[in-house]
Structure formats: C-alpha cells, structure tokens
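Chains as they are written, first to last, in our numbering: chain H, 1 to 225; chain V, 226 to 629; chain A, 630 to 904. Every residue, glycine too, gets a C-beta built ideally from N, C-alpha and C. Source: prediction; values computed, not measured. To start, the structure under review is shown below, and the notes come after it.
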Amino acid sequence: MKREVPLFITAVIGLFMILSFFVPHEWVSVPADFLQASAVILVGFGYVLGGANALRVNFDAIYKKKSGWPYKIVLVVSLLATVVIGLIEGKGFLNPTMRSKWIYDWVYSPMSSTMFALLAFFIASAAFRAFRIRTVEAGLLAVAALIVMLGRVPLGDLLSDWLFQAKWLPGVPHTLHLSTIQEWIMSVPQNTAKRAILIGAALGVMATGLRVILGIERSYLSGED
Amino acid sequence: MPRRPRCDAPGTGWAIALASAFLLAASAAAQTTHRDSIAATTMPTPRPASGLVALDVANDAGRGIQLDWKASPDDVPKSLVVTQYYVARAESPGGPWVVVDSVAAGTISKMDQGVARGAEYFYRIDAQGPGGLTLAGSVTGPVRATSQWVNQTRGSVLVGTILFFGFVLYYIASAQAGKKPFVRRIPGIDAIEEAIGRATEMGRSVLYVPGIQDISDIQTVASLVILESVAKLTARYETPITVPVTYPIPFTIAEEMVKAGYLHAGRPEAYDPDSVRFVSPEQFAYVAAVTGIMLRDRPAAHIFMGSFFAESLLLAETGFATGAIQVAGTANVHQLPFFVVACDYTLIGEELYAASAYLSGEPKLVGGLKGADLMKIIIIASVIVGCILETLNLHGFTKWMMTQ
Amino acid sequence: MSWTTGLETLDRRWLFLVMGLLVAGPLIFPAGLPLKVSPPVQAFNDAIEALPNGSTVLMSCDYDPSARPEMVPMNRTAFRQLLRKDCKVVVTVLWNAGPGLVEATLNDVAREFPNKRYGVDWVNLGYKAGDDAVMVLMGQGIKNAFPRDYRGNETNTLPLMMGVRDYSSFPLLVNISAGFPGTKEWVQQVNSRFHLPMVAGVTAVSAPEYYPYLQSGQLRGLLGGMAGAAEYEKARGEKGTATKGMDAQSLAHIFVAFCIVLGNIIQRVKKREPA
Numbered sequence: 001m002k003r004e005v006p007l008f009i010t011a012v013i014g015l016f017m018i019l020s021f022f023v024p025h026e027w028v029s030v031p032a033d034f035l036q037a038s039a040v041i042l043v044g045f046g047y048v049l050g051g052a053n054a055l056r057v058n059f060d061a062i063y064k065k066k067s068g069w070p071y072k073i074v075l076v077v078s079l080l081a082t083v084v085i086g087l088i089e090g091k092g093f094l095n096p097t098m099r100s101k102w103i104y105d106w107v108y109s110p111m112s113s114t115m116f117a118l119l120a121f122f123i124a125s126a127a128f129r130a131f132r133i134r135t136v137e138a139g140l141l142a143v144a145a146l147i148v149m150l151g152r153v154p155l156g157d158l159l160s161d162w163l164f165q166a167k168w169l170p171g172v173p174h175t176l177h178l179s180t181i182q183e184w185i186m187s188v189p190q191n192t193a194k195r196a197i198l199i200g201a202a203l204g205v206m207a208t209g210l211r212v213i214l215g216i217e218r219s220y221l222s223g224e225d
Numbered sequence: 226m227p228r229r230p231r232c233d234a235p236g237t238g239w240a241i242a243l244a245s246a247f248l249l250a251a252s253a254a255a256q257t258t259h260r261d262s263i264a265a266t267t268m269p270t271p272r273p274a275s276g277l278v279a280l281d282v283a284n285d286a287g288r289g290i291q292l293d294w295k296a297s298p299d300d301v302p303k304s305l306v307v308t309q310y311y312v313a314r315a316e317s318p319g320g321p322w323v324v325v326d327s328v329a330a331g332t333i334s335k336m337d338q339g340v341a342r343g344a345e346y347f348y349r350i351d352a353q354g355p356g357g358l359t360l361a362g363s364v365t366g367p368v369r370a371t372s373q374w375v376n377q378t379r380g381s382v383l384v385g386t387i388l389f390f391g392f393v394l395y396y397i398a399s400a401q402a403g404k405k406p407f408v409r410r411i412p413g414i415d416a417i418e419e420a421i422g423r424a425t426e427m428g429r430s431v432l433y434v435p436g437i438q439d440i441s442d443i444q445t446v447a448s449l450v451i452l453e454s455v456a457k458l459t460a461r462y463e464t465p466i467t468v469p470v471t472y473p474i475p476f477t478i479a480e481e482m483v484k485a486g487y488l489h490a491g492r493p494e495a496y497d498p499d500s501v502r503f504v505s506p507e508q509f510a511y512v513a514a515v516t517g518i519m520l521r522d523r524p525a526a527h528i529f530m531g532s533f534f535a536e537s538l539l540l541a542e543t544g545f546a547t548g549a550i551q552v553a554g555t556a557n558v559h560q561l562p563f564f565v566v567a568c569d570y571t572l573i574g575e576e577l578y579a580a581s582a583y584l585s586g587e588p589k590l591v592g593g594l595k596g597a598d599l600m601k602i603i604i605i606a607s608v609i610v611g612c613i614l615e616t617l618n619l620h621g622f623t624k625w626m627m628t629q
Numbered sequence: 630m631s632w633t634t635g636l637e638t639l640d641r642r643w644l645f646l647v648m649g650l651l652v653a654g655p656l657i658f659p660a661g662l663p664l665k666v667s668p669p670v671q672a673f674n675d676a677i678e679a680l681p682n683g684s685t686v687l688m689s690c691d692y693d694p695s696a697r698p699e700m701v702p703m704n705r706t707a708f709r710q711l712l713r714k715d716c717k718v719v720v721t722v723l724w725n726a727g728p729g730l731v732e733a734t735l736n737d738v739a740r741e742f743p744n745k746r747y748g749v750d751w752v753n754l755g756y757k758a759g760d761d762a763v764m765v766l767m768g769q770g771i772k773n774a775f776p777r778d779y780r781g782n783e784t785n786t787l788p789l790m791m792g793v794r795d796y797s798s799f800p801l802l803v804n805i806s807a808g809f810p811g812t813k814e815w816v817q818q819v820n821s822r823f824h825l826p827m828v829a830g831v832t833a834v835s836a837p838e839y840y841p842y843l844q845s846g847q848l849r850g851l852l853g854g855m856a857g858a859a860e861y862e863k864a865r866g867e868k869g870t871a872t873k874g875m876d877a878q879s880l881a882h883i884f885v886a887f888c889i890v891l892g893n894i895i896q897r898v899k900k901r902e903p904a
C-alpha cells in the first residue's frame with residue numbers, strides 16, 4: 001500500500017488535470033481550479049519544511065563537530081536572526097528603517113549580485129581556454145558568436161561603420177551594420193534551432209510526465225521495487 | 226498739470242495690490258466657470274450605441290457573456306462627445322439595472338465575467354459624455370452563460386495528445402512483449418560510468434548535482450531517476466558520492482534514490498546518510514556551497530543533471546579548475562552553451578529525459594522513447610504540410626492548429 | 630618556454646584582472662558610445678505607447694538582486710512610461726527575494742510623479758509562493774490570489790483594485806523576468822490560455838530563447854539584457870544606468886572576442902610548432 005496509494009493518487013489527479021485542459025465544464029474546471037490553488041498552499045508549506053530541514057541537518061553537524069562546523073554555526077545564527085527579526089518587525093519588515101531591510105540591502109543584495117557578477121570573469125576564462133575551432137561547425141559557431149557579441153554592443157556598430165565605409169572595401173553597402181547581421185542571426189538560424197530543441201524538450205517533458213502519471217516511472221517514490 | 230491721487234497710509238499700496246489680484250483671480254475663475262458651463266451646455270448629449278449582441282462565451286465553464294456593439298455615431302477620435310460607455314445588466318427587461326462595468330470611448334466589446342451560471346440576463350450599453358448620459362435605445366437579451374463539455378478550439382491538441390499517448394503505450398506494450406526498440410548510443414550517458422571509474426582509480430569521490438529546481442520541474446524528476454543508477458555504480462565501485470540538493474522534497478527523494486542504488490548494488494551497509502545534503506533554495510547560496518565542496522573535497526567526477534540557470538557556468542568553470550571530469554545534462558537551452566564549453570560531455574534537451582530509460586534498459590521506459598520519436602516525425606510532417614498550405618494561401622490547417 | 634606555452638598556461642586570474650579593469654574603467658570614465666534601437670526593443674516601446682491613456686496594466690517583476698543591473702533599468706523605464714501615460718499599474722512579484730528591490734524601484738520612479746498616489750495609480754501586490762500555479766490562480770481572480778498587497782492593505786479596499794477582476798481587466802502584461810518563474814511561464818500559462826497580450830524584458834542569456842515567441846506574436850516586444858534596457862532608454866529619450874553600463878559592456882564583449890581569437894591563434898601556432 002505504501003507505493004500503491006501514492007501511485008493511484010498521482011494517476012487520478014494527473015489524468016484529471018489533463019482532462020481539465022479539454023473539458024471546460026464546471027464539474028471539471030471547479031475541482032481543477034481548487035487543485036491549482038492547493039498547489040500554491042503546498043509550496044508555501046515547503047518553505048517551512050525547508051527551514052526545519054536546514055536547522056536539523058546543521059544542528060546535527062555542529063553537535064557531531066563535522067568538518068566545517070564553525071561555518072554551520074554562522075549559518076544557523078544568520079538563519080535564526082533573520083527569521084526572528086522578520087517576525088518581530090511584522091508586515092512592514094521591508095520598510096526603509098527596519099533591520100530586515102538593512103539585512104536585505106547590505107547583506108543579501110550585495111552577496112547575490114556579487115555571485116552573479118562572477119559570471120563575467122568566468123566567461124572570459126572559458127572563452128580563452130575552451131572555445132577551440134577544431135571542425136567546420138565549430139568555426140561557423142565561432143564566427144556567429146563573434147558577430148553576435150560585437151553586434152549587441154555600440155562598439156560593434158562603430159567598428160562596422162569604420163570597416164565598411166573604408167575606401168579599400170568598394171561595393172560593400174555602408175548601411176550593413178554588425179547589429180543588423182546579429183539581429184538576422186538571432187531571428188533566423190538561432191530561432192530555428194531553438195524551436196527544434198524546445199519542441200524536442202517539450203516532448204521529453206510529456207513522455208516523462210506520462211510515465212510518472214501512469215506509474216511506469218515509479219522509482220521517485222522510494223527505491224524499493 | 227493735474228495732481229495724481231496719492232495714498233498716504235503705509236501698506237495701503239499692498240492692500241490695493243492684493244485686492245486687485247483678488248478681483249482679477251475671481252474674474253478669471255468666473256470666466257472659466259462660464260466657459261465650462263458654456264462647454265457643458267453646448268456639448269450635445271451623445272447619440273446612443275446600437276447593435277448590441279450578447280452571446281454566451283463558448284468553450285468555458287459558464288463564466289462569461291461576450292458583448293459587442295456598434296459605437297455611438299458621435300464616438301469619433303478627438304470629438305469628446307462620448308467619453309465612456311456603461312455596461313448595464315438586469316435580470317428582466319424592465320430592470321432594475323446595475324452598471325457592471327465601464328469602458329473608454331472607442332471600445333466596442335467587453336466580456337462580462339461577473340455572471341452566475343445559468344441565470345438569464347438582459348444588457349444595454351449607455352453612452353456617457355460631458356453633455357450627459359444617453360441610455361441605449363433597446364435592450365438585448367435574454368442571454369445565459371452556460372458550461373460546455375468540450376473546448377472545440379483544442380481539437381488539434383486533443384488529437385496530438387491521443388496520438389502521443391497511443392504511440393507511447395503501444396511501444397511500451399510492444400517492448401514488454403519482447404520487441405525492444407533500438408536506442409542509439411548517447412556518449413554523455415556512457416561517459417558517466419567512465420567518470421565514476423576514474424574517480425575510483427583516483428581514490429576520490431563523485432559529486433552529483435541534481436539541478437536547482439524543485440520537484441515540480443520534470444527535469445528534477447528525470448535527474449533523480451538517473452541518480453539511482455549513478456548511486457548503484459558508485460556503490461559497486463565503492464566510491465563515495467556527494468549529492469547537494471536545493472529543496473526539501475528533492476532532498477528526501479534523493480536520499481531514497483541513493484539508498485535504493487546501494488540496495489540494488491547489494492551494498493546497503495555502505496550507504497552514508499550524510500552523502501545527500503540539503504543546502505539552500507537560494508540559487509547563489511547553493512552555488513557558493515557546491516563550489517566550496519568542489520574546491521575542498523576535490524571530487525574527481527562532477528555530474529550535473531537537471532534544471533540549471535545562471536549558476537551553470539560558475540559550477541562548470543570551477544569544476545574544470547579542479548581537474549575533474551564533468552558530464553552535464555539539461556533541457557534549459559540557454560545554459561547548454563556553457564556546459565558544452567566547460568564540460569567533457571553534455572546531454573542536450575531530451576537526452577536528459579531519455580537517460581533514465583537508457584541507463585535502466587527497462588523495456589517499458591525504452592518503448593516510451595520510441596513513441597516520443599514517432600511523435601516528433603508527426604510534428605515535422607505537420608510543419609512541412611502547414612508551410613506548404615500557408616504558401617498556397619490555404620489557412621484551414623493553421624486555424625485548426627491554433628488553440629484558445 | 631615559448632610564448633604559446635606561456636599563454637596557454639596563463640593563470641586565469643590575469644584574465645580576471647584585465648576583465649575587471651575593462652569593466653571598471655568606463656564606469657568611472659564614461660565614453661558615451663552611440664546606441665541604436667533594435668526592432669524588438671522598438672516594438673516593446675510601441676506596444677506600451679499604443680495603450681489608451683489611463684488603461685490598467687499588469688506588470689510582473691520576476692527578479693531578485695542578482696539580476697539588478699539588467700532588470701532594474703527596464704523596470705524603471707517601463708514603469709515611468711506607464712505613469713506618463715496615466716496608466717494604472719498593478720505590480721506582482723513571483724520571486725521571493727524580489728519584493729524589496731521592486732518596491733524600492735517603484736517608489737523611486739513614483740517620486741517623479743507627485744500627483745500619482747499609491748492605491749489609486751499603482752499597487753504593489755508583492756510576492757506569492759507557487760510559481761506558475763499563482764499565474765493560473767490569478768486567472769480566477771486577482772484579488773483572490775492576492776488578498777493583501779505588499780504593504781499589508783486589503784486589496785478589496787484599494788481604489789485601483791475596484792475595477793480589477795482577472796486578466797480580462799488588463800489590455801497588456803509587462804513582464805520583467807530574470808528566469809523561472811518568468812516570461813516562458815507567463816506565455817504558456819497566461820498568454821496562450823487567457824490571450825493577454827504581453828511584452829517582456831529578460832536577461833541577455835535567456836533572450837534568444839524568446840525569439841520564437843516574438844516571431845509568433847505571443848510577445849509583442851522584447852528587451853534583451855542590459856543592451857536591450859539601454860536601447861529602451863534611448864527610445865524613451867532617457868539616460869539611465871543601462872546606458873551608462875553599455876561602455877563597460879562593449880569593452881567586456883571585445884575582450885571576450887579577443888580571448889576566443891587569441892586562444893585559437895595559440896592552438897594553430899602550437900600545431901605548427903615542431904614537437
């Protein structure tokens with residue numbers, strides 16, 4: 001029963017939600033709307049579960065003095081302090097003078113932005129190290145990448161203006177900007193490939209979803225067969 | 226020479242100035258009011274809107290009535306004779322009338338979604354302007370909002386869904402009966418065993434990252450299914466595995482999958498409960514934790530399977546710097562370039578979903594792959610046929626494919 | 630050691646240093662490079678401009694501080710354009726770390742319009758957990774999905790929300806999104822089901838993914854990354870943070886292009902070198 005009941009619930013609700021897409025009648029749409037609203041509530045409870053889990057795992061690590069346990073003290077103290085301050089400050093917790101706002105503006109925001117900004121550096125090192133042209137296709141990819149990168153920024157248009165207006169390139173239209181070429185690459189070849197991958201991925205989602213709904217894919221429930 | 230009058234009292238000049246200013250202002254206000262009154266009285270009352278048609282909205286659960294009308298003849302741009310229309314509703318032709326909505330001038334349709342299912346309603350459209358309110362010349366109704374059993378605009382999706390389900394179920398049954406279809410080699414999946422073998426030789430662990438999304442994302446489900454196969458391999462080779470997870474539900478499932486992997490490998494006693502770690506749902510906090518694991522523990526193999534966003538390059542580049550062999554798979558196409566550049570093998574799009582079938586080799590799962598492939602051929606044929614028909618100016622097929 | 634080997638084994642921190650200097654330099658000494666407005670950005674601007682003045686518009690700001698440089702300029706400029714047209718704006722946030730930043734951004738812009746009042750001309754409904762399930766829930770009633778706004782007021786009592794029922798109350802959705810949940814989910818759950826026209830501002834890395842939606846007309850306009858935000862500012866005749874950042878982005882792009890070319894030159898030269 002441990003596996004059969006969840007499988008049955010998954011199958012019934014999954015098929016019902018698929019049916020609700022085709023049957024607008026209130027006997028189907030009203031329960032489907034209720035299920036959608038319930039999903040929102042479940043996600044909300046997930047945060048409570050997540051916080052409790054974080055505390056349990058880290059308290060255990062601190063108690064057993066596992067490697068890195070001082071950092072886990074920092075984590076637990078930060079988590080509890082943020083939650084307690086937020087609860088004390090109530091519904092206006094992100095108003096300008098609040099401590100929670102201070103934490104958000106001076107701790108969370110800068111750290112989050114800094115991590116995202118690291119991407120700029122990592123892209124440079126990845127481009128230098130790994131972008132090697134070993135085949136014709138890779139060569140085409142590199143040319144397209146260079147055109148799109150330069151065409152997306154104002155400097156690219158300045159470069160193409162200078163290049164195409166030079167007297168030593170007669171006959172090339174000086175209205176041909178890198179930004180125009182890059183827009184074409186984005187709208188036509190890139191778009192085509194993107195659509196194809198999207199359709200394939202969507203079919204993959206449907207196939208996996210069908211396997212889950214029909215109970216063919218059941219290992220996510222528990223590992224025992 | 227005549228003498229000009231002179232005020233002797235100090236401040237009198239200010240008083241005169243103030244009084245003059247007051248008189249001027251009062252006069253200006255009076256003139257404005259007079260002008261407004263003139264405008265109000267000279268602006269005609271708008272002629273009524275006409276031709277109101279009220280119909281039950283099709284393909285819904287009885288939640289709406291669609292109203293379309295012809296604008297008042299005075300409703301022309303910049304004329305301002307009509308400023309808005311009031312939509313009035315009653316349950317009998319004689320009223321009482323309730324204004325349920327108002328729309329700006331120029332609007333000639335509105336859906337009333339505040340109706341009770343099955344109740345009869347009458348409607349009229351009243352035109353409002355500076356010159357006054359004009360009630361509609363006639364009333365339209367009765368009209369009733371009803372539920373329909375079938376959304377007729379989604380026929381193409383229904384046909385596609387039935388076809389898809391049919392193909393998948395047929396090939397599953399066929400595979401179970403012994404006709405297992407051929408599945409081409411997917412190098413990225415074969416590389417997983419190679420990566421785990423390399424980690425074993427180097428005496429280091431395997432890091433498995435199941436994406437950063439919750440269980441509601443199908444990629445996370447697919448990733449966790451692959452995790453069981455990976456855990457089975459690490460159990461067989463006696464290689465430690467670390468699985469950092471973002472959300473609580475995938476965390477509990479990941480624990481079960483790793484445990485199951487060790488059980489299926491015949492080594493349940495070797496399972497380490499600390500191998501699966503709940504980290505944080507916050508994207509960059511999770512990245513900081515995982516890159517920390519990479520730099521401290523130095524796993525020899527990194528497997529990134531699931532839904533990734535901006536953190537993909539951070540993970541892959543940091544992993545490369547540690548010298549690990551890296552295999553990635555995601556259906557988030559905007560992150561694929563980063564994985565392709567920084568990892569040794571990448572599963573693209575639906576290869577991630579196919580991986581669980583490929584790894585397990587189970588007929589039911591492999592049969593499902595063939596069904597999906599056949600559906601892809603149907604879609605390609607539809608695209609070609611659709612393009613040809615559109616080129617020949619025949620739009621029926623496109624109209625049928627468009628859904629509401 | 631030949632120069633190729635030296636460069637091949639170059640400590641990547643040198644690259645980081647050069648990148649850092651190239652980005653920081655123009656921010657301190659701006660060059661003011663000229664910008665051109667691309668068609669998807671012009672379409673974004675035109676779609677908002679075509680709205681009747683005084684319309685009620687839904688704006689979903691789905692981002693958090695990590696995407697601030699790309700998203701906040703788009704958000705500011707779009708909100709400013711809507712307020713200039715006397716549109717009423719209903720704002721939602723579907724990222725849990727976003728509301729503080731979004732509220733600060735909206736307040737900054739609203740200060741430029743002293744005659745605009747919260748609750749009458751704009752409302753921030755704040756964050757609701759649930760991702761795309763919230764989008765579907767909003768289709769059953771905006772006030773049902775958000776019984777209170779970000780400031781704790783009951784949405785039923787706000788003058789702006791009196792005339793708002795569900796998606797049919799809006800002629801346009803302006804979505805500023807940094808990932809999931811975001812533009813794709815709005816297209817799938819709202820644009821295709823409820824036929825609400827939409828325009829989107831997204832991060833540069835995800836912009837290519839939305840070109841199919843732009844071409845099919847599901848999106849009426851698209852801003853891609855900080856470049857898109859800068860072009861949008863130019864289309865509106867403004868010079869905001871995105872425009873100021875474009876000089877730095879230009880040099881960063883040139884540097885990455887140079888890294889690709891240099892890496893391949895090294896590879897070619899090494900191939901020809903005697904073993």
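Residues sharing a beta bridge with residue i, DSSP
i	result
Y756(A)	V722(A)
Y348(V)	R314(V) and T365(V)
N582(A)	Coverage of chain A is limited to positions 630 through 904, which leaves residue 582(A) absent and any answer about it impossible.
M206(H)	Beta-bridge pairing links M206(H) to no other residue.
E783(A)	R777(A)
R152(H)	In the DSSP output, where bridge partners are listed per residue, R152(H) has none listed.
D337(V)	I290(V)
Closer than 7 Å: residue i CB and nearest the ligand MG heavy atom
i	result
R705(A)	Because no ligand of any kind appears in the structure shown, any question about the ligand MG cannot be addressed here.
Per-residue contacts from residue i into chain A (C-beta, under 7 Å)
i	result
H620(V)	Ordered by position in chain A, no residue passes the 7 Å Cβ test against H620(V), which lies about 15 Å from the chain.
P154(H)	L662, P663, L664, M875 and S879
Residue nearest to residue i in terms of C-alpha spacing, selected from the options
i	options	result
V752(A)	A758(A), V731(A) and M764(A)	V731(A)
A120(H)	A447(V), L539(V) and L292(V)	L539(V)
K587(A)	L802(A), Q847(A), M875(A) and P903(A)	With chain A represented from 630 up to 904, any question about residue 587(A) goes unanswered, as that position is not in the structure.
F887(A)	R777(A), D640(A) and L644(A)	L644(A)
A391(V)	W625(V), M600(V) and K624(V)	Strictly speaking, residue 391(V) in this sequence is Gly, with Ala absent from that position. Answer by Cα proximity: M600(V).
Buried versus exposed, by CB contacts within 10 Å (16 or more), residue i
i	result
V738(A)	buried
E542(V)	buried
S262(V)	Only weak support is given to the placement of S262(V): the predicted model assigns it a pLDDT of 46, under 50, and the value that follows is read from those uncertain coordinates. With fewer than 16 other Cβ atoms within 10 Å, it is exposed.
D33(H)	buried
W69(H)	exposed
R342(V)	exposed
C612(V)	exposed
F407(V)	exposed
Where residue i meets chain V, residues with beta-carbon distance less than 8 Å
i	result
S835(A)	H559
Whether residue i touches residue j by CB criterion (8 Å)
i	j	result
A352(V)	P273(V)	yes
M115(H)	S631(A)	no
V828(A)	F673(A)	yes
L277(V)	Y346(V)	no
A706(V)	T371(V)	The shown model of chain V, from 226 to 629, leaves out residue 706(V), and the question about it has no answer.
I604(V)	I199(H)	yes
Chain-ordered chain A contacts of residue i [CB-CB under 8 Å]
i	result
Q551(V)	Result: empty, since nearest Cβ-Cβ is about 17 Å, beyond 8 Å.
F545(V)	Per Cβ cutoff of 8 Å: no residues; F545(V) is ~10 Å from chain A at best.
L150(H)	H882, I883 and A886
Residues that residue i contacts on chain H, provided the C-beta gap is smaller than 8 Å
i	result
E732(A)	L94
Proximal chain V residues relative to residue i, where beta-carbon distance stays under 7 Å
i	result
S100(H)	Near S100(H) there are no residues of chain V at all, since even the closest Cβ is about 16 Å away, more than 7 Å.
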